[in-house]
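A.B. asks:
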Amino acid sequence: MSKLTRVPTLFMLLAIVPFALAGGHDYGQALSKSILFFEAQRSGYLPDNQRVRWRGNSGLLDGKASGVDLVGGYYDAGDNVKFGLPMAFTVTMMSWSILEYGSQMSTSGELGHAMDAVQWGTDYLIKAHPEPRVLYGEVGDGNTDHYCWQRPEDMTTSRSAYRVDVNNPGSDLAGETAAAMAAASIVFHRSNPAYSRELLTHAHQLFDFADKYRGKYDSSISVAQKYYRSVSGYADELLWAAAWLYKATNEQYYLDYLGENGDALGGTGWAMTEFGWDVKYAGVQTLVAMLLMGGKAGGHAPVFGKYQEKAEMFMCSCMGKANHNVQKTPGGLIFRQRWNNLQFVTSASFLLTVYSDHLTSARKDLQCASGSVAPSELLAFAKSQVDYILGDNPRATSYMVGYGNHYPQQVHHRGSSIVSIKVDPSFVSCRGGYATWFSRKASDPNLLTGAIVGGPDAYDNFADQRDNYEQTEPATYNNAPLLGILARLSGGHAANNQLLPVEVPLHKPIAVQPKPKPVSTSTAPVDINQKATTSWVSNGKTYYRYSVIVTNKSGKTIKNFNLNVSKLYGPLWGLTKTPSGSYGFPRWINSLPAGKSIEFVYIHSAPLADVSVSTYTLV
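For the sequence shown, the positions run 1343 to 1961 when the numbering used here is used.
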């Protein structure tokens, strides 16, 4: 599903899936909601213009025991801990979203809200950096916090503050915070020059601290290891921070740092298939590639070319056009892990969107192992990922709370799952919250508007249950990259007005037949079992999601496998369409061992499609 011109089902999706029936998604509405989510995550004294009214003040003594003011900032996810590394990454990605697509946000009336969201984070990060070589990286303890289920306004858990310094370094934490400060300084360069300079001063100091006193932050703040362990180390954050400081200052020192340390710190060597709060290589490689395309590499062009090569390997792997590609669900969603997979989807889609626009400006195509890829194809793929999140998926479920007609109702989030303190101020105790509120098999009393939850598993399955934290817990870093993509999809390309390709429905769904029955067919040595797994009604029509299990019944491995699928009037996921019109294995497998099965799915408002074996080879 990586090339728009070769995937007619992508066009059919826009005609078939309910959320898309009225001309596609309302990306402007989704943008507004995704920014609003950050107000629900606020800690500290809430301002008069707070729009999420069910929240109240919280964490008002944070830092006091350590003699420092650490009131404010964001709770990272569904708990009440303030983790510095993901918070700083969230600020960096919100800032990058604004820097790329601020004009589109302004047109939609959301730029001010987005900048407020950034400043809520940077105001706290300034407090967390009281001395040049001291940085507080956590407030609260995940272990005690997770033992309790309390709204933030009631919490009785530990609010201990943890820091890094010259004797207990944390280069990854300090580097990411430097990147956040530098990126945000650009955001406020015109509207608030004094604040911008203050942020830049902190960024300089933090980078110097990170570079000169090297070490992993979770070795110094060991309580973070269980929750935000720095698996990639600190080398990527050093390069990431240097790139952002160069963008903020144009100082040659940071450009030279990228050129001279690219090999030693892995920027030119690591080809990644993920980008997120821990692993920054794909992000810094994309930034450096953009510098190279913009003619800013200077004498470092050969080294920057190696960064770009790795950046483009990331893009190609997402598109399914590299030698080693990312895994995708049958529904076409990038899949990295069960626990909060959508964080990787939004961050990867952001890089694809930004790189698409910069390739367009440079009038270049992406060169992948399987051939040339036009910038519009990158953008179309990123759009397909966002559309999946907003409801164009086999479950027809929106994974943004409050968007669409069918979205998660039991979010793993303390604040949203417990009655608002403004409605019922009665104290909710540590364990009482579990007994009374966590265990409720009912919708949340407070709508966590705009939250992107963890999302479905490798087979597009999702259980909307509060105790299913892997799938129903939201996080700030899920939303932060999405701001930019939604602004782009809503407002187009401000630089050259490159709008998305026009989508034309190719088929109209035929009349629905009631209660489709499971069908099993057998073409030795293959068994094909079809059944309807869910249905829904939209605009008077009933739509069905069908699951098809293909099983190898032989004692040998099947290769060169092709299926014919006819009487199909909607999108199909989990197989690769061939030029002849038949369907082969999904891109991530090339054979089916004996006794094993694969699953693909399709949606339409008709009875079961006709599925039959076309060709196969036994080896």
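Here a beta-carbon is modelled for each residue, glycine too, at the ideal position from N, C-alpha and C.
Between which residues of its own chain and V1844 is the CB-CB distance below 6 Å, once the five residues before and five after are set aside?
C.D. replies: Here the question's residue 1844 lines up with position 502 in the sequence shown. Residue confidence is low: V1844 scores 25 on pLDDT, short of 50, so the model does not pin down where it sits. Its coordinate-derived value is still stated next. For V1844, where only same-chain residues beyond five positions count, there are no Cβ hits under 6 Å.
A.B. asks: Tell me whether N1894 is buried or exposed, calling it buried when 16 or more other Cβ atoms sit within 10 Å of its Cβ.
C.D. replies: Residue mapping note: residue 1894 aligns to position 552 of the sequence shown, counting from 1. Burial call: buried.
A.B. asks: Apart from the five residues just before and just after A1444, which ones in its own chain have a Cβ nearer than 7 Å to its Cβ?
C.D. replies: As a first step, residue 1444 is located in the sequence shown; it is residue number 102 there, counting from the start. Note that residue 1444 is Gly in the sequence shown, not Ala. If we look at G1444 and ignore the five residues flanking it on each side, its Cβ neighbours are L1453.
A.B. asks: Determine contact between the segment 1726-1741 and the segment 1390-1408, defined as no fewer than three beta-carbon pairs at a distance below 8 Å.
C.D. replies: Output reads no: the segment 1390-1408 does not touch the segment 1726-1741.
A.B. asks: Would V1743 pass as a contact of V1728 if the rule is Cβ separation under 8 Å?
C.D. replies: Along the sequence shown, read from residue 1 onward, the residue named residue 1743 stands at position 401. Along the sequence shown, read from residue 1 onward, the residue named residue 1728 stands at position 386. It is not a contact, given that the beta carbons lie outside the stated cut-off.
A.B. asks: Distance, Cα to Cα, M1429 vs D1707?
C.D. replies: Within the sequence shown, residue 1429 is the residue found at index 87, counting from 1. Within the sequence shown, residue 1707 is the residue found at index 365, counting from 1. Rounded to whole angstroms, M1429 to D1707 spans 34 Å at the Cα level.
A.B. asks: Measuring CA to CA, which of A1724, H1946, A1419 is closest to L1694?
C.D. replies: Residue numbering aside, residue 1694 sits at position 352 when the sequence shown is read from its first letter. For the residues A1724, H1946, A1419, the minimum Cα distance to L1694 belongs to A1724.
A.B. asks: Terminal residues of the continuous alpha helix (DSSP H) containing F1942?
C.D. replies: Stepping through the sequence shown from its first residue, residue 1942 is reached at position 600. From DSSP, F1942 is part of no alpha helix (DSSP H) but of the beta strand (DSSP E) over 1939-1946.
A.B. asks: Using a threshold of 8 Å, state whether the C-beta atoms of Y1570 and L1427 are closer than that.
C.D. replies: What you label residue 1570 is simply residue 228 of the sequence shown in a count that begins at 1. What you label residue 1427 is simply residue 85 of the sequence shown in a count that begins at 1. Yes; because the gap between Cβ atoms is below 8 Å, this pair is in contact.
A.B. asks: Is it right to say N1881 is buried, meaning 16 or more other beta carbons lie within 10 angstroms of its own, or is it exposed?
C.D. replies: In the sequence shown, residue 1881 corresponds to position 539, counting from 1. By the 10 Å Cβ count, N1881 comes out exposed.
A.B. asks: Only counting the same chain, and skipping five residues up and downstream in sequence, which positions put a Cβ closer than 6 Å to that of A1583?
C.D. replies: On the sequence shown, residue 1583 is found 241 positions in, with the first residue counted as 1. These residues qualify, in order along the chain: G1517, A1520, A1521, F1549.
A.B. asks: Let me check one thing: in DSSP terms, what residues is K1919 bridge-paired to?
C.D. replies: Along the sequence shown, one-based indexing puts residue 1919 at 577. According to DSSP, which records beta bridges pairwise, K1919 is partnered with Y1925.
A.B. asks: Mapping the DSSP letters down to three states, classify P1672 as helix, strand or coil.
C.D. replies: For the purposes of this step, residue 1672 is identified with residue 330 of the sequence shown, where counting begins at 1. Under the three-state reduction of DSSP, P1672 is assigned to coil, being neither helix nor strand.
A.B. asks: What residue range is occupied by the uninterrupted alpha helix (DSSP H) comprising I1827?
C.D. replies: Here residue 1827 is taken as the residue at index 485 of the sequence shown, counted from 1. Taken as a continuous stretch (DSSP letters only), the alpha helix (DSSP H) holding I1827 covers 1818-1833.
A.B. asks: Are the CB atoms of S1947 and Y1888 within a distance shorter than 8 Å?
C.D. replies: Looking up residue 1888 in the sequence shown gives position 546. Looking up residue 1947 in the sequence shown gives position 605. Cβ distance not < 8 Å, so Y1888 and S1947 don't count as in contact.
A.B. asks: Indicate the three-state DSSP secondary structure (helix, strand or coil) for E1480 in the structure shown.
C.D. replies: Stepping through the sequence shown from its first residue, residue 1480 is reached at position 138. Here E1480 sits in strand by DSSP.
A.B. asks: Mind reading off the beta-carbon distance from R1756 to R1493? Whole number of angstroms is fine, and I expect it under 8 Å.
C.D. replies: Locating residue 1756 in the sequence shown gives position 414, counting from the first residue. Locating residue 1493 in the sequence shown gives position 151, counting from the first residue. Indeed, because the Cβ distance is near 6 Å, the residues count as touching under 8 Å.
A.B. asks: Helix, strand or coil for A1503? Go by DSSP, reduced to three states.
C.D. replies: Along the sequence shown, one-based indexing puts residue 1503 at 161. Three-state result, A1503: strand.
A.B. asks: Span of the beta strand (DSSP E) holding L1708?
C.D. replies: Taking the first residue of the sequence shown as 1, we reach residue 1708 at position 366. Counting along the chain, the beta strand (DSSP E) containing L1708 begins and ends at 1708-1710.
A.B. asks: Would you mind sorting V1349 into buried or exposed? The rule is 16 or more other CB atoms within 10 Å of its CB.
C.D. replies: As a first step, residue 1349 must be located in the sequence shown, where it is residue number 7. With a pLDDT of only 27 at V1349, under 50, the local geometry of the prediction cannot be trusted, and no value is derived from it.
A.B. asks: On the DSSP bridge list, what partners appear for T1959?
C.D. replies: Residue 1959 sits at position 617 when you count from the first residue of the sequence shown. BP columns for T1959 point to K1901.
A.B. asks: Figure out for me which residue from Q1392, S1572, V1423, T1615 has the closest Cα to the Cα of C1660.
C.D. replies: Along the sequence shown, one-based indexing puts residue 1660 at 318. Answer by Cα proximity: T1615.
A.B. asks: Enumerate, from N- to C-terminal direction, the unbroken alpha helix (DSSP H) stretches of 4 or more residues contained entirely within the segment 1388-1461.
C.D. replies: 1426-1450
A.B. asks: According to DSSP, simplified to helix, strand and coil, what is I1891?
C.D. replies: If you number the sequence shown from 1, residue 1891 lands on position 549. If DSSP states are grouped into helix, strand and coil, I1891 belongs with the strands.
A.B. asks: Tell me, please, which residues DSSP counts as bridged to T1695.
C.D. replies: Here the question's residue 1695 lines up with position 353 in the sequence shown. Bridge partners of T1695: none, in fact.
A.B. asks: Taking the alpha-carbon positions, what's the M1553 to Y1576 distance?
C.D. replies: Counting from 1 along the sequence shown, the entry for residue 1553 is found at position 211. Counting from 1 along the sequence shown, the entry for residue 1576 is found at position 234. Per the sequence shown, the amino acid found at residue 1553 is Asp instead of Met. Distance between the alpha carbons of D1553 and Y1576 is about 9 Å.
A.B. asks: Out of curiosity, what's the CA-to-CA distance linking S1561 and N1510?
C.D. replies: In the sequence shown, residue 1561 corresponds to position 219, counting from 1. In the sequence shown, residue 1510 corresponds to position 168, counting from 1. The alpha-carbon atoms of S1561 and N1510 are separated by roughly 8 Å.
A.B. asks: Buried or exposed: D1766, going by 16 or more other Cβ atoms within 10 Å of its Cβ?
C.D. replies: Sequence index remark: in the sequence shown, residue 1766 carries index 424 (1-based). By the 10 Å Cβ count, D1766 comes out exposed.
A.B. asks: Does the distance from the CB of I1676 to the CB of I1731 come in under 8 Å?
C.D. replies: Counted from its first residue, the sequence shown places residue 1676 at position 334. Counted from its first residue, the sequence shown places residue 1731 at position 389. For the 8 Å CB-CB criterion, I1676 and I1731 do not form a contact.
A.B. asks: Please check the pair G1926 and L1917, which I expect to be a contact at CB under 8 Å, by giving their CB distance rounded to whole angstroms.
C.D. replies: What you label residue 1926 is simply residue 584 of the sequence shown in a count that begins at 1. What you label residue 1917 is simply residue 575 of the sequence shown in a count that begins at 1. Under the criterion of beta carbons closer than 8 Å, G1926 and L1917 qualify as touching, at roughly 7 Å.
A.B. asks: If you draw a straight line from the C-alpha of N1603 to the C-alpha of Q1594, how long is it?
C.D. replies: Reading the sequence shown from its first residue, position 261 is the one you call residue 1603. Reading the sequence shown from its first residue, position 252 is the one you call residue 1594. C-alpha separation (whole angstroms): 14 Å.
A.B. asks: Under 8 Å: do the segment 1631-1649 and the segment 1526-1546 share three or more Cβ pairs, one atom per stretch?
C.D. replies: As far as the Cβ criterion goes, the segment 1631-1649 does not touch the segment 1526-1546, which means the pair count is below three.
A.B. asks: So for S1714, helix, strand or coil by DSSP?
C.D. replies: If you number the sequence shown from 1, residue 1714 lands on position 372. S1714 falls in the strand class under three-state DSSP.
A.B. asks: Are the beta-carbon atoms of S1500 and S1832 separated by less than 8 Å?
C.D. replies: To locate residue 1500, count along the sequence shown from 1; it is residue 158. To locate residue 1832, count along the sequence shown from 1; it is residue 490. No. Outside cutoff.
A.B. asks: Which residues mark the beginning and the end of the beta strand (DSSP E) in which A1874 is found?
C.D. replies: In the sequence shown, counting from the first residue as 1, residue 1874 sits at position 532. Taken as a continuous stretch (DSSP letters only), the beta strand (DSSP E) holding A1874 covers 1868-1880.
A.B. asks: Using DSSP bridges, identify the partner residues of L1914.
C.D. replies: One-based indexing of the sequence shown puts residue 1914 at position 572. Note: L1914 sits in a beta bridge opposite Y1944.
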